[in-house]
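**Student:** Going letter by letter, the sequence shown gives residues 0 to 100 in numbering that gives the first Met the number 0.
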Amino acid sequence: MPKLVRLYITQVAWGFAISAVFVGVLLALNVANLRHLISSSEIGLIALGMIWFMNGIVFAGVQFGYKIMSMAEKPQGPRRGSPVVHRFEPAVVPQETRAER
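(1) What does the alpha-carbon distance come out to for the pair residue 2 and residue 61?
(2) Which of helix, strand or coil does DSSP assign to residue 31?
(3) Just tell me which of 0, 34, 9 has its CA closest to the CA of residue 50.
(4) In angstroms with no decimal places, state the Cα-to-Cα distance between residue 42 and residue 48.
(5) Could you check if residue 18 is buried or exposed, using at least 16 other CB atoms within 10 Å of its CB as the buried criterion?
(6) Relative to the C-alpha of residue 15, which candidate in 63, 93, 26, 96 has its C-alpha closest?
(7) Look up residue 86 in the DSSP assignment and say whether it is helix, strand or coil.
(8) Could you say which of 38, 32, 55, 40 lies nearest to residue 8 if we only look at CA atoms?
(9) Starting from residue 61, follow the alpha helix (DSSP H) in both directions and report where the run begins and ends.
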(Lines of atoms letter the chains of each structure in order from A and count residues from 1; the text may use other names and numbers.)
(Lines give C-alpha, C1' and ligand atoms only; values in the text may rest on other atoms or scores of the structure.)
Protein backbone atom coordinates (compact mmCIF):
# COMPACT_ATOMS: atom_id res chain seq x y z
CA MET A 1 0.00 0.00 0.00
CA PRO A 2 1.41 3.44 -0.88
CA LYS A 3 2.55 5.60 2.00
CA LEU A 4 0.09 8.38 1.19
CA VAL A 5 -2.89 6.00 1.22
CA ARG A 6 -1.73 4.50 4.51
CA LEU A 7 -1.31 8.00 5.94
CA TYR A 8 -4.81 8.97 4.78
CA ILE A 9 -6.43 5.88 6.31
CA THR A 10 -4.70 6.35 9.67
CA GLN A 11 -5.62 10.03 9.82
CA VAL A 12 -9.25 9.25 8.95
CA ALA A 13 -9.30 6.65 11.73
CA TRP A 14 -7.92 9.25 14.15
CA GLY A 15 -10.54 11.75 12.98
CA PHE A 16 -13.39 9.33 13.65
CA ALA A 17 -11.90 8.45 17.05
CA ILE A 18 -11.75 12.15 17.93
CA SER A 19 -15.34 12.44 16.75
CA ALA A 20 -16.39 9.62 19.08
CA VAL A 21 -14.74 11.41 22.00
CA PHE A 22 -16.37 14.69 20.97
CA VAL A 23 -19.85 13.16 20.75
CA GLY A 24 -19.27 11.44 24.09
CA VAL A 25 -18.43 14.79 25.68
CA LEU A 26 -21.51 16.35 24.07
CA LEU A 27 -23.69 13.65 25.61
CA ALA A 28 -21.91 13.71 28.97
CA LEU A 29 -22.33 17.48 29.31
CA ASN A 30 -25.87 17.28 27.88
CA VAL A 31 -25.22 20.19 25.51
CA ALA A 32 -28.51 21.61 24.19
CA ASN A 33 -30.34 18.78 26.01
CA LEU A 34 -28.93 16.38 23.40
CA ARG A 35 -28.68 13.39 25.75
CA HIS A 36 -32.38 13.60 26.59
CA LEU A 37 -33.35 14.00 22.93
CA ILE A 38 -31.35 10.95 21.87
CA SER A 39 -32.35 8.73 24.77
CA SER A 40 -36.08 9.52 24.58
CA SER A 41 -36.53 9.26 20.80
CA GLU A 42 -37.27 6.13 18.77
CA ILE A 43 -34.63 7.06 16.22
CA GLY A 44 -32.10 8.29 18.77
CA LEU A 45 -29.47 5.74 17.70
CA ILE A 46 -29.75 6.88 14.10
CA ALA A 47 -29.34 10.49 15.21
CA LEU A 48 -26.34 9.52 17.34
CA GLY A 49 -24.78 7.69 14.42
CA MET A 50 -25.34 10.64 12.12
CA ILE A 51 -23.82 13.08 14.61
CA TRP A 52 -20.78 10.82 14.99
CA PHE A 53 -20.42 10.25 11.25
CA MET A 54 -20.79 13.89 10.20
CA ASN A 55 -18.37 15.09 12.87
CA GLY A 56 -16.07 12.24 11.87
CA ILE A 57 -15.93 13.53 8.30
CA VAL A 58 -15.03 17.01 9.54
CA PHE A 59 -12.44 15.85 12.07
CA ALA A 60 -10.90 13.39 9.58
CA GLY A 61 -10.45 16.16 7.01
CA VAL A 62 -8.94 18.50 9.56
CA GLN A 63 -6.66 15.78 10.91
CA PHE A 64 -5.40 14.83 7.45
CA GLY A 65 -4.89 18.47 6.45
CA TYR A 66 -2.97 19.18 9.64
CA LYS A 67 -0.74 16.14 9.14
CA ILE A 68 0.02 17.00 5.51
CA MET A 69 0.78 20.65 6.29
CA SER A 70 2.99 19.73 9.23
CA MET A 71 5.15 17.60 6.91
CA ALA A 72 6.39 20.70 5.03
CA GLU A 73 10.07 21.53 5.17
CA LYS A 74 11.07 24.20 7.63
CA PRO A 75 12.33 27.41 5.98
CA GLN A 76 16.08 27.94 5.99
CA GLY A 77 17.81 31.21 6.66
CA PRO A 78 16.25 34.59 7.40
CA ARG A 79 12.53 34.93 6.82
CA ARG A 80 12.45 38.70 6.36
CA GLY A 81 12.92 38.79 2.61
CA SER A 82 14.56 41.82 1.03
CA PRO A 83 16.39 44.39 3.15
CA VAL A 84 14.39 47.17 4.72
CA VAL A 85 14.35 50.45 2.80
CA HIS A 86 14.96 53.40 5.10
CA ARG A 87 14.82 56.15 2.50
CA PHE A 88 12.49 56.53 -0.45
CA GLU A 89 13.65 58.25 -3.63
CA PRO A 90 11.70 58.78 -6.84
CA ALA A 91 12.83 56.61 -9.73
CA VAL A 92 14.05 58.45 -12.83
CA VAL A 93 12.30 57.19 -15.95
CA PRO A 94 13.50 58.57 -19.27
CA GLN A 95 10.71 59.59 -21.60
CA GLU A 96 10.82 60.52 -25.24
CA THR A 97 9.30 63.81 -26.29
CA ARG A 98 7.18 64.20 -29.41
CA ALA A 99 10.03 66.00 -31.21
CA GLU A 100 12.43 63.08 -30.68
CA ARG A 101 10.14 60.52 -32.31
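Backbone N, C-alpha and C fix where the C-beta goes; we use that ideal spot for every residue, glycine too.
**Tutor:** So, from the listed chains and residues:
(1) The residue you call residue 2 lines up with position 3 of the sequence shown. The residue you call residue 61 lines up with position 62 of the sequence shown. Between the C-alpha atoms of residue 2 and residue 61 there is a straight-line separation of about 19 Å.
(2) Here residue 31 corresponds to residue number 32 of the sequence shown, with the count starting at 1. Of the three classes helix, strand and coil, the one that applies to residue 31 here is helix, per DSSP.
(3) The residue given as residue 50 occupies position 51 in the sequence shown. Of the candidates 0, 34, 9, the one whose C-alpha sits nearest the C-alpha of residue 50 is 34.
(4) Here residue 42 refers to the residue found at position 43 when the sequence shown is read from its first residue. Here residue 48 refers to the residue found at position 49 when the sequence shown is read from its first residue. The C-alpha of residue 48 is placed about 10 Å away from the C-alpha of residue 42.
(5) Working through the sequence shown from its first residue, we reach residue 18 at position 19. Around the beta carbon of residue 18, a 10 Å sphere encloses 16 or more other beta carbons of the protein chains shown; the residue is thus reported as buried.
(6) Against the sequence shown, residue 15 aligns to sequence position 16. From the listed residues 63, 93, 26, 96, the smallest Cα separation to residue 15 is found for 63.
(7) Residue mapping note: residue 86 aligns to position 87 of the sequence shown, counting from 1. Coil at residue 86, not helix or strand.
(8) Residue numbering aside, residue 8 sits at position 9 when the sequence shown is read from its first letter. Residue 8 has its Cα closest to that of 55, out of 38, 32, 55, 40.
(9) If you number the sequence shown from 1, residue 61 lands on position 62. Going by DSSP, residue 61 is part of the alpha helix (DSSP H) stretching over 43-69.
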